[in-house]
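To convert a position in the sequence shown, counted from 1, into my numbering, add 2. Every residue gets a Cβ at the ideal spot worked out from N, C-alpha and C, and that includes glycine.
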Amino acid sequence: MPKPLPIRFPRDEQAHECSIEWWYWNGQLRDARGNEYAYMECLFKADRKAVQIPMLSKFPVDTIYFRHGLLCDLRRKKSYPVVSNYVLTSADSFTKPLLFVNYAEPSLTTYVNCVMEQHAADRYHVKTEQIDLTLHSERKPLLVGGKGFITVGEKKDTYYYSLPRLRTSGTILIEGKSVAVSGLSWMDHQWADVQYTRDKWTWFCLQLDDGTDILCFAFGPTGGRCHATIGFANGRQETADDVRITAGERSWKSPLTLAEYPLSWRIEIPGRNIDLQIETVLDEQELLFTTINYWEGPIRVTGTNGKKKVRGRGFLELVGYPSKFGNIRYAKSEVRKMTRLLRSFIRK
Numbered sequence: 003m004p005k006p007l008p009i010r011f012p013r014d015e016q017a018h019e020c021s022i023e024w025w026y027w028n029g030q031l032r033d034a035r036g037n038e039y040a041y042m043e044c045l046f047k048a049d050r051k052a053v054q055i056p057m058l059s060k061f062p063v064d065t066i067y068f069r070h071g072l073l074c075d076l077r078r079k080k081s082y083p084v085v086s087n088y089v090l091t092s093a094d095s096f097t098k099p100l101l102f103v104n105y106a107e108p109s110l111t112t113y114v115n116c117v118m119e120q121h122a123a124d125r126y127h128v129k130t131e132q133i134d135l136t137l138h139s140e141r142k143p144l145l146v147g148g149k150g151f152i153t154v155g156e157k158k159d160t161y162y163y164s165l166p167r168l169r170t171s172g173t174i175l176i177e178g179k180s181v182a183v184s185g186l187s188w189m190d191h192q193w194a195d196v197q198y199t200r201d202k203w204t205w206f207c208l209q210l211d212d213g214t215d216i217l218c219f220a221f222g223p224t225g226g227r228c229h230a231t232i233g234f235a236n237g238r239q240e241t242a243d244d245v246r247i248t249a250g251e252r253s254w255k256s257p258l259t260l261a262e263y264p265l266s267w268r269i270e271i272p273g274r275n276i277d278l279q280i281e282t283v284l285d286e287q288e289l290l291f292t293t294i295n296y297w298e299g300p301i302r303v304t305g306t307n308g309k310k311k312v313r314g315r316g317f318l319e320l321v322g323y324p325s326k327f328g329n330i331r332y333a334k335s336e337v338r339k340m341t342r343l344l345r346s347f348i349r350k
């Protein structure tokens with residue numbers, strides 16, 4: 003493996019020549035009445051031949067873009083997921099000095115464009131059919147692994163950085179009603195030359211009320227490699243591999259896939275005296291993409307950081323929890339539908 007190049011900003015906020023890449027945003031927001039919401043939006047870019055994601059080999063293009071989105075009304079305990087197996091990007095996407103990508107799902111009946119764009123070194127704009135948000139980064143990027151490059155498994159090297167504290171304001175659209183909101187968001191950007199695998203991935207981003215930010219994950223066929231990258235309020239960053247991630251007793255079983263997802267967790271980092279309890283806010287947060295099922299949603303955090311009690315918020319992602327019947331029929335139907343629509347656009 004060649005020596006990794008240092009991450010440079012804003013150059014590396016753009017797209018790269020690699021097998022798989024994604025720009026991921028999440029956040030927890032509040033309206034003027036104190037009602038709480040959460041969102042997630044992720045744009046993926048994949049080399050169809052290299053990444054070998056099941057079912058996508060039928061697409062008639064080499065570079066595939068797809069997106070997953072989520073909007074949650076926490077008071078009403080309702081979730082509104084969006085999974086697009088293919089999106090089109092505009093001709094001027096990734097051509098500007100700062101990050102800019104304009105994308106939409108091909109449709110013959112409705113059209114809503116989505117945008118991820120950077121207006122300045124610390125200011126971003128994210129827009130979809132569900133959200134229209136302005137984000138101001140209050141911290142320098144969190145370089146995962148210390149340098150923004152980490153090995154998570156055999157032949158699994160990835161570039162990876164986060165923007166852990168994004169002061170956020172804008173509007174969300176809930177069942178046709180526009181709601182003004184504000185809050186805190188998180189952004190991940192990751193790119194690698196790897197193929198799709200069935201590895202298990204348990205991932206957390208945590209924003210504590212003492213100003214500490216933690217990106218923490220377990221990765222591997224059995225959730226083997228554990229790691230945390232920690233950002234402190236004073237700007238200092240540290241990494242830790244003495245991480246214990248333990249599932250609690252509470253779980254949720256999907257009625258659709260019969261996959262069972264643990265929804266309570268404990269994260270311990272003994273060398274930093276960090277001991278945190280994690281509880282999900284909502285249960286029914288499963289998303290389906292081709293043959294892949296996973297759980298994604300907002301969390302609440304309590305525990306201790308050093309000798310002080312802390313609280314916080316964040317997001318949890320659970321990948322690699324097996325479906326009991328497989329998602330092949332669903333995946334084939336979705337991919338056939340999108341392929342027919344895409345070919346109609348290409349002919350035009």
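Pair within 7 angstroms by beta-carbon distance, residue i and residue j
i: aspartate 201; j: glycine 322; result: yes
i: leucine 260; j: lysine 326; result: yes
i: valine 85; j: phenylalanine 291; result: yes
i: valine 303; j: leucine 284; result: no
i: valine 117; j: tryptophan 27; result: no
i: tyrosine 126; j: leucine 145; result: no
i: alanine 242; j: isoleucine 269; result: no
i: threonine 136; j: serine 171; result: yes
i: threonine 214; j: asparagine 307; result: yes
i: isoleucine 301; j: threonine 282; result: yes
i: valine 154; j: arginine 238; result: no
Anticipated Cβ contact below 8 angstroms, residue i with residue j, distance rounded
i: cysteine 218; j: alanine 230; result: 4 angstroms
i: leucine 73; j: isoleucine 133; result: 7 angstroms
i: leucine 101; j: tyrosine 67; result: Incorrect: roughly 15 angstroms between the Cβ atoms, too far for contact.
i: glutamine 192; j: phenylalanine 96; result: In fact, because the Cβ distance is near 16 angstroms, the residues do not count as touching under 8 angstroms.
i: leucine 210; j: glycine 314; result: 4 angstroms
Minimum C-alpha distance to residue i - residue among the options
i: aspartate 75; options: Asn275, Thr97, Val84, Tyr41; result: Tyr41
i: leucine 289; options: Arg274, Ser256, Gly237; result: Ser256
i: glutamine 30; options: Gln239, Phe11, Arg77; result: Arg77
i: glycine 273; options: Ile216, Thr112, Asp244; result: Asp244
i: serine 253; options: Glu270, Ile133, Gly237, Trp297; result: Trp297
i: tyrosine 161; options: Glu319, Trp25, Leu101; result: Trp25
i: glutamate 140; options: Arg169, Tyr82, Met118; result: Arg169
i: valine 312; options: Thr282, Thr293, Ile174, Ile276; result: Ile276
i: glutamate 19; options: Asp215, Thr65, Leu175; result: Thr65
i: threonine 173; options: Pro12, Pro324, Tyr39; result: Tyr39
i: glutamine 287; options: Thr214, His70, Gly36, Asp14; result: His70
i: lysine 179; options: Asp33, Val154, Thr248; result: Asp33
i: glycine 324; options: Leu258, Ile280, Pro6; result: The identity of residue 324 in the sequence shown is proline, whereas the question assumes glycine. Among Leu258, Ile280, Pro6, the Cα nearest to that of proline 324 is on Leu258.
i: leucine 90; options: Ser81, Val63, Asp159, Lys158; result: Val63
i: lysine 98; options: Ile247, Arg13, Pro6; result: Arg13
Assigned exposure category for residue i - 16 Cβ within 10 Å defines buried
i: proline 166; result: buried
i: glycine 147; result: buried
i: lysine 47; result: buried
i: phenylalanine 347; result: With a pLDDT of 49 at phenylalanine 347, under the threshold of 50, the modelled position of that residue is not reliable, and no figure is offered here.
i: proline 8; result: exposed
i: proline 143; result: buried
i: alanine 93; result: exposed
i: alanine 122; result: exposed
i: threonine 112; result: exposed
i: aspartate 212; result: exposed
i: glutamate 43; result: buried
i: serine 109; result: exposed
i: methionine 3; result: Low per-residue confidence applies at methionine 3: pLDDT is 48, beneath 50, and the placement is therefore not dependable, though the value from the model is reported in the following sentence. Exposed, by the Cβ-count rule.
i: alanine 182; result: exposed
Other residues of its chain near residue i: CB distance less than 6 angstroms, five sequence neighbours each side excluded
i: glutamate 240; result: Ile232
i: cysteine 207; result: Trp188, Leu217, Gly316, Phe317
i: tryptophan 205; result: Phe219, Glu319
i: lysine 51; result: none
i: aspartate 195; result: Cys20, Ser21
i: lysine 2; result: The chain is shown only over 3 to 350; residue 2 falls outside these bounds and no answer can be derived.
Sequence-distant residues of the same chain with beta carbon closer than 7 angstroms to residue i, five excluded per side
i: lysine 79; result: Leu284
i: glutamate 251; result: Ser266
i: valine 53; result: Ser21, Ile22, Gln197, Tyr198
Own chain partners of residue i with C-beta closer than 8 angstroms, once the 5 adjacent residues on each side are dropped
i: proline 264; result: Ala249, Gly250, Arg252, Ser253, Leu320
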